[in-house]
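>
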Amino acid sequence: MTWRLLPPSGYVHFGDDPVGWLKSITLPAVSLAAWSAAGLSRQLRASLIDVLDTNYVRTGWAVGGKTRLVVARYALKNAAIPAVTVLGLQVGYLLGSTVIIEQIFSIPGMGTYFIQAIFSLDVPVIQGVVLVFVLVFVALSLLVDLTYGFLNPKVRLT
0 MTWRLLPPSG YVHFGDDPVG WLKSITLPAV SLAAWSAAGL SRQLRASLID VLDTNYVRTG
60 WAVGGKTRLV VARYALKNAA IPAVTVLGLQ VGYLLGSTVI IEQIFSIPGM GTYFIQAIFS
120 LDVPVIQGVV LVFVLVFVAL SLLVDLTYGF LNPKVRLT
């Protein structure tokens with residue numbers, strides 16, 4: 000018995016078949032996102048529970064603010080700071096996991112190219128791929144730091 004809803008491996012280019020492309024990236028995307036989403040949601044829940052017990056949130060409810068508005072405007076913005084930190088740390092794991100996911104699902108990409116370069120001892124390609132991964136990690140870390148300034152105005156540089 001086979002379930003032909005999603006292909007177990009292989010990659011279809013977007014230009015060839017957009018629906019086939021979406022089907023071919025669904026399992027790898029879920030595999031990458033499931034691990035990081037679990038930790039991120041746990042962190043966001045814990046920090047949101049802490050923030051909902053603060054004075055300014057209780058004051059927002061006391062003056063008649065709607066629950067959705069108080070949570071969205073006051074609580075969620077402050078609770079997102081630790082979650083953004085966790086997300087920034089998980090970027091490194093996600094970059095490393097893409098190499099493994101590309102091998103498992105037979106997806107041509109930088110991870111597959113990196114593995115082929117390692118097996119053929121192609122040092123310049125290995126250095127180039129590592130450089131690209133490091134630049135992506137540093138750029139996303141910078142984006143996380145800039146997000147702190149948006150979420151908490153006290154963190155902004157003057």
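The opening residue of the sequence shown carries number 0 in numbering that gives the first Met the number 0; numbering runs sequentially from there. From the three backbone atoms N, C-alpha and C, an ideal C-beta is built for every residue, glycine too. This structure is a prediction, so every number in the text was calculated from the model and none was measured.
#1: Hey, could you find the ends of the alpha helix (DSSP H) residue 106 is sitting in?
#2: Classify residue 49 as helix, strand or coil using the three-state DSSP reduction.
#3: If you run the structure through DSSP and keep just helix, strand and coil, what is residue 22?
#4: According to the neighbour-count rule (16 or more other Cβ atoms, all chains shown, within 10 Å of its Cβ), is residue 113 buried or exposed?
#5: Going by CA-CA distance only, name the one from 126, 99, 89 and 104 that's closest to residue 143.
#6: For residue 55, is the classification buried or exposed, using 16 other Cβ atoms within 10 angstroms of its Cβ as the cut-off for buried?
#7: Whole angstroms is fine: what's the gap from residue 48's alpha carbon to residue 117's?
#8: Can you name the start and end residues of the alpha helix (DSSP H) that residue 138 belongs to?
#9: For residue 31 and residue 5, which I take to be in contact (beta-carbon distance under 8 Å), what is that distance rounded to the nearest angstrom?
#10: Compute the Euclidean distance between the alpha carbons of residue 106 and residue 36, then round it to the nearest angstrom.
#11: Is it buried or exposed, residue 130, if we count other Cβ atoms within 10 angstroms and call 16 or more buried?
#12: Which whole-angstrom value describes the C-beta separation of residue 149 and residue 94, a residue pair presumed to lie in contact below a C-beta threshold of 8 Å?
Reading it off the structure:
#1: Element bounds for residue 106: n/a, residue is neither H nor E.
#2: helix
#3: helix
#4: buried
#5: 89
#6: exposed
#7: 46 Å
#8: 122–150
#9: Wrong, their Cβ atoms sit about 15 Å apart, outside the cutoff.
#10: 22 Å
#11: exposed
#12: Not quite, the Cβ-Cβ distance comes to about 24 Å (not below 8 Å), so this is no contact.
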